[in-house]
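S.K.: Take a look at the following structure, please.
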Amino acid sequence: MPQRHDSKGTIMPSGGARNRSGPAADINSYRQRRDADGWVKLPPRVDRRRSPNWPLHPAMNDRERELWRRFWRMGQSIVWESQHQQLALAVYVRQFAAVEALNFDVPTSRLNSLRIQADDLGITMPGLNRYRWRYTTTEELQKQADDVVSKKDRGRRSTAEQIAELLPMVADDER
């Protein structure tokens, strides 16, 4: 890690003064497009039969249940599940529902806390950018579907056809 020195010669860490300082990652920038594979492509929706069990006590109310199910259908839920973020999401859902019940008439610090939690879960655009997550576009989903179909078609060819494809074409008069 490069070292910097202040005017008194004290070693200073590199980076910004605050967490997430500096410009957010931008998928549309030239450098980001060049490194597009670094971005995790999330599906726009996840079809689940069941949401994970609610980890908090007391049990959830109707609004919390609705939010819980809605969040678990988001593309981010794939990552939350793999990273065991059920508790973090449940805390966010409970706090969001409580603030919503008060018509968002709460201190700014409480709203900031919700925003930070949403960023940390990757629910907001800054959160998505920080984790380098993005939703797949319709074109990307169509291309994936086309690739699957073409792979199935390739798999149905005979072995002789597959071998012939690998060999260079030789005209009859060259033999």
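For the sequence shown, position 168 matches number 168 in the UniProt record's numbering, and the numbering has no gaps at all. The beta-carbon is built from N, C-alpha and C at its ideal position, and this holds for glycine as well. Since the structure is predicted, the reported quantities are computational estimates derived from the model, not experimental observations.
Please report the distance separating the alpha-carbon of R94 from that of D146.
M.R.: Whole-angstrom Cα-Cα distance: 41 Å.
S.K.: Are the CB atoms of W80 and L67 within a distance shorter than 8 Å?
M.R.: Their beta carbons are not under 8 Å apart, which means L67 does not touch W80 by this criterion.
S.K.: Buried or exposed, going by whether 16 or more other CB atoms sit within 10 Å of the CB of M74?
M.R.: The residue in question, M74, is buried, as its Cβ has 16 or more Cβ neighbours within 10 Å.
S.K.: Who are V40's beta bridge partners in DSSP?
M.R.: Answer is W133, bridged to V40.
S.K.: With H, G and I counted as helix, E and B as strand and the rest as coil, what does DSSP make of R110?
M.R.: Residue state, collapsed to three classes: helix.
S.K.: Looking at L121: is its Cβ nearer than 8 Å to the Cβ of Y92?
M.R.: Yes. Within cutoff.
S.K.: Within a Cβ cutoff of 7 Å, which residues of the same chain sit near A101, ignoring the five residues on either side of it in sequence?
M.R.: Correct list: empty, nothing qualifies.
S.K.: Under three-state DSSP, which class holds T138?
M.R.: Of the three classes helix, strand and coil, the one that applies to T138 here is helix, per DSSP.
S.K.: Mapping the DSSP letters down to three states, classify W72 as helix, strand or coil.
M.R.: In the structure shown, W72 sits in a helix (DSSP, three-state: H, G or I).
S.K.: Can you list, in chain order, the residues of its chain whose CB lies under 8 Å from that of F104, leaving out five sequence neighbours each side?
M.R.: Within the same chain, F104 has close Cβ partners L111.
S.K.: In chain order, what residues of the same chain lie with their CB nearer than 8 Å to the CB of R45, ignoring the 5 residues before and after it?
M.R.: Excluding residues within five positions, the ones whose Cβ falls inside 8 Å are R73, M74 and G75.
S.K.: Which whole-angstrom value is the C-beta distance of T136 and P58, which I expect to be below 8 Å?
M.R.: No, T136 and P58 are not in contact; Cβ-Cβ is about 38 Å, not under 8 Å.
S.K.: Which residues mark the beginning and the end of the alpha helix (DSSP H) in which L87 is found?
M.R.: Element bounds for L87: Q86 to A101.
S.K.: Of the choices L56, S113, W39 and R65, whose alpha-carbon is the least far from that of L87?
M.R.: Among L56, S113, W39 and R65, the Cα nearest to that of L87 belongs to L56.
S.K.: Which residue marks the beginning of the alpha helix (DSSP H) containing I78, and which one marks its end?
M.R.: Run containing I78: S77 to S82, per the alpha helix (DSSP H) assignment.
S.K.: Which residues in the same chain as E64 place their Cβ atom closer than 7 Å to its Cβ, once the five residues preceding and following it in sequence are excluded?
M.R.: If we look at E64 and ignore the five residues flanking it on each side, its Cβ neighbours are V93, R94 and A97.
S.K.: Grab me the residues of L128's own chain with a C-beta within less than 7 Å of its C-beta, minus the 5 sequence neighbours each way, in chain order.
M.R.: Correct list, in chain order: G122 and R134.
S.K.: Round the Cβ separation of E139 and K41 to the nearest angstrom and send it over; I've been treating them as touching at under 8 Å.
M.R.: No, E139 and K41 are not in contact; Cβ-Cβ is about 12 Å, not under 8 Å.
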